[in-house]
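Student: Once you've had a glance at the structure underneath, I'll fire off some questions.
Protein chains: 2
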Amino acid sequence: MTALAESATTILHRTSDLVTPALRDSVDMLDERLRLIAGYQLGWWECDGTPTAHTGGKGLRPTLALLSAQAGGGQPSDGIPGAVAVELVHNFSLLHDDVMDHDLERRHRPTGWAAFGEGQAILAGNAMCLLAIDVLRQADGPGLRALPCLTGAIHGLISGQSDDLAFENADSVDLAACLRMEAGKTAALLSCSAAIGAWLVGAPPAVVDGLAGFGFELGIAFQLVDDILGIIGDPAVTGKSASSDVRTGKRSAPVVAALRSGTDAGDALNELLTGGPPETDEEVERAAELITAAGGLRWTAREADHRLTRALGHLLPVSDQSALADLTTLAHYVVDRDR
Amino acid sequence: MTALAESATTILHRTSDLVTPALRDSVDMLDERLRLIAGYQLGWWECDGTPTAHTGGKGLRPTLALLSAQAGGGQPSDGIPGAVAVELVHNFSLLHDDVMDHDLERRHRPTGWAAFGEGQAILAGNAMCLLAIDVLRQADGPGLRALPCLTGAIHGLISGQSDDLAFENADSVDLAACLRMEAGKTAALLSCSAAIGAWLVGAPPAVVDGLAGFGFELGIAFQLVDDILGIIGDPAVTGKSASSDVRTGKRSAPVVAALRSGTDAGDALNELLTGGPPETDEEVERAAELITAAGGLRWTAREADHRLTRALGHLLPVSDQSALADLTTLAHYVVDRDR
Chain A
0 MTALAESATT
10 ILHRTSDLVT
20 PALRDSVDML
30 DERLRLIAGY
40 QLGWWECDGT
50 PTAHTGGKGL
60 RPTLALLSAQ
70 AGGGQPSDGI
80 PGAVAVELVH
90 NFSLLHDDVM
100 DHDLERRHRP
110 TGWAAFGEGQ
120 AILAGNAMCL
130 LAIDVLRQAD
140 GPGLRALPCL
150 TGAIHGLISG
160 QSDDLAFENA
170 DSVDLAACLR
180 MEAGKTAALL
190 SCSAAIGAWL
200 VGAPPAVVDG
210 LAGFGFELGI
220 AFQLVDDILG
230 IIGDPAVTGK
240 SASSDVRTGK
250 RSAPVVAALR
260 SGTDAGDALN
270 ELLTGGPPET
280 DEEVERAAEL
290 ITAAGGLRWT
300 AREADHRLTR
310 ALGHLLPVSD
320 QSALADLTTL
330 AHYVVDRDR
Chain B
0 MTALAESATT
10 ILHRTSDLVT
20 PALRDSVDML
30 DERLRLIAGY
40 QLGWWECDGT
50 PTAHTGGKGL
60 RPTLALLSAQ
70 AGGGQPSDGI
80 PGAVAVELVH
90 NFSLLHDDVM
100 DHDLERRHRP
110 TGWAAFGEGQ
120 AILAGNAMCL
130 LAIDVLRQAD
140 GPGLRALPCL
150 TGAIHGLISG
160 QSDDLAFENA
170 DSVDLAACLR
180 MEAGKTAALL
190 SCSAAIGAWL
200 VGAPPAVVDG
210 LAGFGFELGI
220 AFQLVDDILG
230 IIGDPAVTGK
240 SASSDVRTGK
250 RSAPVVAALR
260 SGTDAGDALN
270 ELLTGGPPET
280 DEEVERAAEL
290 ITAAGGLRWT
300 AREADHRLTR
310 ALGHLLPVSD
320 QSALADLTTL
330 AHYVVDRDR
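What follows is the structure in C-alpha cells.
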C-alpha cells in the first residue's frame with residue numbers, strides 16, 4: 000500500500016467507527032424485510048442475514064461529511080447525522096441504478112435486485128432515501144438547515160441517472176452534456192457530503208460554499224477516474240467485468256472524447272459503435288484500443304487532474320489545518336486510485 | 000349520477016381549482032424529461048406533451064387535505080402545501096407500483112413505465128416523492144411541523160407494497176396480515192391526507208388525531224371496496240381487465256376471506272389457486288364465482304361498512320360543521336362507489 004493510500008485508509012476507518020452505530024440505528028427502524036436488503040446493500044450481512052466481514056464501500060461520503068463539520072468549526076461528531084444521510088442516499092442510488100442498468104454484480108456480490116427481486120430492491124432503496132431525510136429531520140434545527148443541501152443532491156442524482164439512461168439511446172452526445180450528466184450522477188452527492196457537516200454546525204457561507212465547490216469538482220474527478228476504470232480497470236479490483244462500460248455501450252467521458260477527437264481512431268470507433276454496443280470479446284477489446292488510440296483516456300485523465308486542482312483551490316476559506324490536511328489527502332487518494 | 004355522487008363531485012372539483020396551480024408550480028421544478036412523465040402520470044398531457052382533457056384521478060387525497068385544514072380551524076387554502084404533497088406522493092407510489100406489478104394500463108392509458116421505460120418511470124417517481132418533501136419544507140414552520148406526518152405515510156406505503164409483493168409468493172396469508180398490508184398500501188396515505196391540513200394550521204392534538212383516525216379507517220374501507228372491484232368491477236369503469244386481481248393471483252381481502260371461510264367453495268378455490276394464478280378465462284371466471292360463493296365478497300363489503308362507521312366516529316372532535324359535512328359526504332361516496 001502506498002503512503003497516500005495508508006493515510007487515506009486511516010482517515011476512512013476513523014469515520015466508520017463514528018458513523019456505523021448511528022447508521023445501524025437508522026436502518027433498524029425499517030421492517031424486517033427491508034432492513035435485510037438495506038444491510039445487505041451496506042455490506043453488513045449476506046442475503047440470508049449471516050454477518051459478513053465488511054464488504055461495503057470505502058465510506059468516502061460519510062468521511063467527507065465529518066471532515067466538513069470539522070472544517071466548519073465544529074467537532075467531527077457534529078457531522079454524524081449528515082454522514083448517515085449521505086451514506087443512505089448513496090446506497091439508495093446504487094440499489095436503484097443497479098435495477099435500471101440491469102447490473103448483476105456489485106462489490107463481488109449479486110446486486111440487491113439480483114438477490115431480492117426488482118420490486119423489493121426498489122422499495123428498499125426508497126426506504127433508505129426516506130431514512131436519510133428522517134435522520135436530518137430528527138436532528139432538529141441544524142438538521143433542518145442542512146435538509147435543502149441533501150434534497151438538492153438527490154434531485155441531482157435523479158437527473159444525472161435520467162440523462163445517463165437517455166444517452167444510451169442517443170445518436171450523439173457532446174462532452175458538455177456528458178460532464179453535466181456526470182455532475183448529476185456523482186458530483187451532486189459529493190458536493191453535498193463535503194458541505195453538509197458545515198451546514199450542520201452553522202459555518203459561515205464562504206466556508207460552506209467553498210466546501211460544496213470542493214466536493215463538486217472532486218466528484219467530477221472521481222467519476223472521470225471511474226470512467227477510465229470502466230474501460231481499462233482490473234476486474235479483480237473494480238468488481239465488474241473487464242471494459243464493462245464498453246460492453247454496455249455507455250457514453251462515458253473517454254468514449255465521448257474519443258468519438259469527438261477528429262482522429263482516425265475516433266472515426267473507426269464511431270463506425271464500430273454504430274448500431275449498438277460491441278457484442279464479441281474481440282469487438283470489446285478493439286473498441287477499448289480505439290478509445291485509447293483516439294486519446295479518450297488521456298483527455299479524461301487530464302480533465303480529472305484539472306478538476307482535482309480546482310477542488311483543492313476551493314478549500315481556501317477553510318482554516319482548520321487538520322481538516323484541511325485530511326480533505327487534501329482524500330482528494331488525492333480518490334483521483335490517484337488504481338491508475 | 001346519484002345525489003351523493005353529485006355532492007362529492009362538487010367538493011372534489013372545488014379542490015382541484017385550488018390545488019392544481021400549486022401542483023403545476025411544483026412539477027415545473029423538474030427537468031424537462033422527468034416533468035413530462037410526472038405530468039403524464041397526473042393526467043395533464045399525453046406522452047408527447049399534447050394537453051389532454053383531464054384524465055387524472057379524482058383528487059380524493061388533496062381534497063381531504065384542504066378539508067383537514069378547515070376542520071383544524073383554518074382556511075381550506077392553508078392546506079394547499081399538504082394537498083400538493085399527498086397528491087405527489089400518491090402518484091409516486093402509482094408510478095412505482097405499476098413498474099413492480101408489471102401493470103400495462105391505468106386509467107385507460109399505458110402506465111408510466113409502459114410509455115417511458117422502466118428506468119425513467121422509477122426516476123420520475125423518485126422525483127415526485129422528493130418534490131412532496133420540498134413542498135412542505137418550503138412552507139417553513141407549519142410545513143416542517145407536518146413533515147413527519149408525510150414521511151410516516153411514505154414509510155407505510157413502502158411497507159405495504161413490500162408485503163403485497165411478498166404475499167404473491169406466500170403459501171398462506173391470514174386476514175390480519177392482509178388487512179395490515181392494506182393499511183400500509185392505502186390507509187397510511189389517506190390518514191396523512193386527512194390530518195396534514197390540521198398539522199399545517201396547528202390544530203389541537205385531539206382534532207389531529209381524530210382526523211388521522213378517520214383517514215385511516217376510511218383508507219381501509221376504500222381499499223376493501225377496491226378489492227371487491229378487482230374481482231367483480233366493470234372494466235369500463237375500473238380501467239383494468241375483468242377480475243384483474245384474480246388474474247394476477249393477488250391475495251386481496253375477498254380472496255383471503257374466501258380461502259379461510261371453511262366452506263366447500265373456499266376449499267375448491269384453494270385447490271384451483273394452488274400452483275399459481277388461474278390461466279384461462281374460464282378458470283378466472285370459476286375463481287371469481289368461488290370467491291363469491293365462499294362469502295369472500297360479502298365479508299369484505301361488511302368489513303368496509305364497519306370501517307366506514309368507525310371512520311365517522313373519529314370525527315367527533317371536529318367542530319367546523321361545513322368541513323364535517325363534506326368529510327362525511329366524501330366518506331360515504333368512497334365506500335359506495337360502483338357497488
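The listed protein sequences derive, respectively, from chains A and B. The opening position of the first sequence corresponds to residue 0 in numbering that gives the first Met the number 0, with each subsequent residue numbered one higher. The opening position of the second sequence corresponds to residue 0 in numbering that gives the first Met the number 0, with each subsequent residue numbered one higher. Don't be surprised by glycine CBs; every beta carbon is placed ideally from N, CA and C. Small disclaimer: the values here were computed from a predicted structure and weren't measured.
1. What does N125 (chain B) touch in chain A if you count any residue whose Cβ is under 8 Å from its own?
2. Grouping DSSP H, G and I as helix and E and B as strand, with all else coil, what is R250 (chain B)?
3. Counting along the chain, where does the alpha helix (DSSP H) carrying A29 (chain B) start and finish?
4. Quick one, are the C-beta atoms of A286 (chain A) and S260 (chain A) less than 8 Å apart?
5. Would T198 (chain B) pass as a contact of A145 (chain B) if the rule is Cβ separation under 8 Å?
6. How should M0 (chain B) be labelled, buried or exposed, when 16 other C-beta atoms within 10 angstroms of its C-beta is the threshold for buried?
7. Spell out a yes or no on whether the region 34-41 of chain A and the region 178-197 of chain A are touching, meaning 3 or more CB-CB pairs, one atom from each, closer than 8 Å.
8. CB-CB under 6 Å to L87 (chain B), same chain, minus the five flanking residues each way: which ones, in chain order?
9. Counting only Cβ pairs nearer than 9 Å, list the residues of chain A close to M180 (chain B).
10. Please confirm if R338 (chain A) has its CB atom under 8 Å from at least one CB of chain B.
11. Nearest-angstrom Cα distance between A7 (chain A) and G56 (chain A)?
12. What does the alpha-carbon distance come out to for the pair L311 (chain B) and D77 (chain A)?
13. Within a Cβ cutoff of 8 Å, which residues of the same chain sit near V205 (chain B), ignoring the five residues on either side of it in sequence?
14. Mind checking whether D244 (chain A) and D226 (chain A) have CB atoms under 8 Å apart?
15. Report the residues of the region 139-153 of chain B with a CB closer than 8 Å to any CB of chain A, ordered along the chain.
16. Taking Q40 (chain B) as the query, report the chain A residues whose CB atoms sit under 7 Å from its CB, ordered along the chain.
17. Sorted by chain position, which residues of the same chain lie with C-beta nearer than 8 Å to V207 (chain A)'s C-beta, five sequence neighbours on each side aside?
18. Can you round the beta-carbon distance between L17 (chain B) and L65 (chain B) to whole angstroms, since I take them to be within the 8 Å contact cut?
19. Suppose the cutoff is 7 Å on Cβ atoms and the five residues either side in sequence are ignored; what does the same chain contact list for D96 (chain B) look like?
20. Since W44 (chain A) sits in a beta bridge, which residues does DSSP pair it with?
21. State the CB to CB distance for the pair V200 (chain B) and G73 (chain B), rounded to an integer number of angstroms; the pair is presumed to be in contact (CB under 8 Å).
22. By DSSP's criteria, E104 (chain B) is part of a beta bridge. Which residues make up the other side?
23. Q160 (chain B) touches chain A at which residues, Cβ-Cβ below 8 Å?
24. Whose C-beta lies closer than 6 Å to the C-beta of A82 (chain A) among residues of the same chain, with five residues either side of it excluded?
25. Does the pairing of the region 114-127 of chain B with the region 146-160 of chain A give three or more beta-carbon distances under 8 Å?
26. How is the alpha helix (DSSP H) around N269 (chain A) delimited, first residue to last?
27. For chain B, check one thing: does any of its Cβ atoms lie closer than 8 Å to the Cβ of E5 (chain A)?
28. Can you list the residues of chain A that N132 (chain B) reaches, using a CB-CB cut of under 7 Å?
29. Exposed or buried, which one is L103 (chain B) when buried takes at least 16 other CB atoms within 10 Å?
30. By the criterion of Cβ-Cβ separation under 7 Å, what are the contact partners of R32 (chain B) in chain A?
31. Quick one: give me the first and last residue of the alpha helix (DSSP H) that P204 (chain B) is part of.
32. I want to see whether chain B comes within less than 8 Å of R136 (chain A), judged by CB atoms only; does it?
33. Between M28 (chain A) and the rest of its own chain, which residues show a CB-CB distance below 6 Å, the 5 nearest in sequence each way excluded?
34. In whole angstroms, what is the alpha-carbon distance linking V26 (chain B) and R34 (chain B)?
35. Between A:I290, A:A300, A:G229, A:T51, which lies nearest to D266 (chain A) when the distance is taken from Cα to Cα?
36. From the DSSP output, in three-state form, read off A330 (chain A) for me.
Tutor: On the basis of the coordinates in this document:
1. Reading the second sequence from its first residue, position 126 is the one you call residue 125 (chain B). The contacting residues are H95, N125, C128, I153, I157.
2. Locating residue 250 (chain B) in the second sequence gives position 251, counting from the first residue. Annotated three-state conformation of R250 (chain B) is coil, per DSSP.
3. Locating residue 29 (chain B) in the second sequence gives position 30, counting from the first residue. Rather than Ala, the amino acid found at residue 29 (chain B) in this sequence is Leu. Run containing L29 (chain B): none; DSSP gives neither H nor E here.
4. Sequence index remark: in the first sequence, residue 286 (chain A) carries index 287 (1-based). Sequence index remark: in the first sequence, residue 260 (chain A) carries index 261 (1-based). No, they are not a contact pair.
5. Taking the first residue of the second sequence as 1, we reach residue 198 (chain B) at position 199. Taking the first residue of the second sequence as 1, we reach residue 145 (chain B) at position 146. In the sequence as displayed, the identity of residue 198 (chain B) is Trp instead of Thr. For W198 (chain B) and A145 (chain B), yes; Cβs fall inside 8 Å.
6. Mapped onto the second sequence, residue 0 (chain B) falls at position 1. By the 10 Å Cβ count, M0 (chain B) comes out exposed.
7. Not touching, per the Cβ criterion.
8. As a first step, residue 87 (chain B) must be located in the second sequence, where it is residue number 88. Result list for L87 (chain B): M127, L130, A131, in chain order.
9. If you number the second sequence from 1, residue 180 (chain B) lands on position 181. Against chain A, the beta carbon of M180 (chain B) has no neighbour under 9 Å; the closest one sits roughly 11 Å away.
10. Reading the first sequence from its first residue, position 339 is the one you call residue 338 (chain A). Because R338 (chain A) sits at a pLDDT of 48, beneath the cut-off of 50, its placement in the model cannot be relied upon, and the point is left open.
11. Taking the first sequence and counting its residues from 1, the one referred to as residue 7 (chain A) is at position 8. Taking the first sequence and counting its residues from 1, the one referred to as residue 56 (chain A) is at position 57. Going from the Cα of A7 (chain A) to the Cα of G56 (chain A) covers about 14 Å.
12. Numbered from its first residue, the second sequence carries residue 311 (chain B) at position 312. Numbered from its first residue, the first sequence carries residue 77 (chain A) at position 78. Annotation: L311 (chain B) to D77 (chain A) spans about 47 Å, alpha carbon to alpha carbon.
13. By one-based count along the second sequence, residue 205 (chain B) stands at place 206. The residue you asked about is not Val; residue 205 (chain B) is Ala in the sequence shown. Around A205 (chain B): P316.
14. Sequence index remark: in the first sequence, residue 244 (chain A) carries index 245 (1-based). Sequence index remark: in the first sequence, residue 226 (chain A) carries index 227 (1-based). Yes, the Cβ-Cβ distance between D244 (chain A) and D226 (chain A) is below 8 Å.
15. When C-beta distances to chain A are compared with 8 Å, the residues of the region 139-153 of chain B below that value are L143, L146, P147, T150, I153, in chain order.
16. Mapped onto the second sequence, residue 40 (chain B) falls at position 41. Within 7 Å Cβ-Cβ: nothing; Q40 (chain B) doesn't reach chain A, min ~15 Å.
17. What you label residue 207 (chain A) is simply residue 208 of the first sequence in a count that begins at 1. Excluding sequence neighbours, V207 (chain A) sits near G71, A194, A197, W198.
18. Residue 17 (chain B) sits at position 18 when you count from the first residue of the second sequence. Residue 65 (chain B) sits at position 66 when you count from the first residue of the second sequence. L17 (chain B) to L65 (chain B), Cβ: 6 Å. Contact.
19. As a first step, residue 96 (chain B) must be located in the second sequence, where it is residue number 97. Excluding five sequence positions before and after D96 (chain B), the CB atoms of its chain that fall closer than 7 Å to its own CB belong to Q160, given in chain order.
20. Along the first sequence, read from residue 1 onward, the residue named residue 44 (chain A) stands at position 45. In the DSSP output, where bridge partners are listed per residue, W44 (chain A) has A:P50.
21. For the purposes of this step, residue 200 (chain B) is taken as residue 201 along the second sequence, with counting starting at 1. For the purposes of this step, residue 73 (chain B) is taken as residue 74 along the second sequence, with counting starting at 1. About 3 Å separates the Cβ atoms of V200 (chain B) and G73 (chain B), confirming a contact at the 8 Å cut-off.
22. Position 105 of the second sequence holds residue 104 (chain B). Beta bridge pairing from DSSP links E104 (chain B) with B:P109.
23. As a first step, residue 160 (chain B) is located in the second sequence; it is residue number 161 there, counting from the start. Correct list: G118, L122.
24. On the first sequence, position 83 is the one that residue 82 (chain A) refers to. Cβ-Cβ distances below 6 Å link A82 (chain A) to V18, P61, A64, L65 in the same chain, with the five nearest sequence neighbours on each side left out; the list follows chain order.
25. Yes, since at least three Cβ pairs between the region 114-127 of chain B and the region 146-160 of chain A fall closer than 8 Å, the two stretches touch.
26. Here residue 269 (chain A) corresponds to residue number 270 of the first sequence, with the count starting at 1. Per DSSP, N269 (chain A) belongs to the alpha helix (DSSP H) from 263-272.
27. Locating residue 5 (chain A) in the first sequence gives position 6, counting from the first residue. No, its Cβ sits nowhere closer than 8 Å to a Cβ of chain B.
28. As a first step, residue 132 (chain B) is located in the second sequence; it is residue number 133 there, counting from the start. In the sequence on display, residue 132 (chain B) carries Ile and not Asn. Within chain A, the residues near I132 (chain B) are I132, T150.
29. Here residue 103 (chain B) refers to the residue found at position 104 when the second sequence is read from its first residue. Looking at its Cβ environment, which holds fewer than 16 other Cβ atoms inside 10 Å, L103 (chain B) is exposed.
30. Along the second sequence, one-based indexing puts residue 32 (chain B) at 33. The contacting residues are S161, A165.
31. Along the second sequence, one-based indexing puts residue 204 (chain B) at 205. Looking at the DSSP string, the run of the alpha helix (DSSP H) that includes P204 (chain B) is 204-231.
32. Mapped onto the first sequence, residue 136 (chain A) falls at position 137. At a cut-off of 8 Å, the C-beta of R136 (chain A) has a neighbouring C-beta in chain B.
33. To locate residue 28 (chain A), count along the first sequence from 1; it is residue 29. Cβ within range, chain order: n/a, list empty.
34. What you label residue 26 (chain B) is simply residue 27 of the second sequence in a count that begins at 1. What you label residue 34 (chain B) is simply residue 35 of the second sequence in a count that begins at 1. The alpha-carbon atoms of V26 (chain B) and R34 (chain B) are separated by roughly 6 Å.
35. Taking the first sequence and counting its residues from 1, one reaches residue 266 (chain A) at position 267. For D266 (chain A), the closest C-alpha among the options A:I290, A:A300, A:G229, A:T51 is that of A:I290.
36. Within the first sequence, residue 330 (chain A) is the residue found at index 331, counting from 1. Of the three classes helix, strand and coil, the one that applies to A330 (chain A) here is helix, per DSSP.
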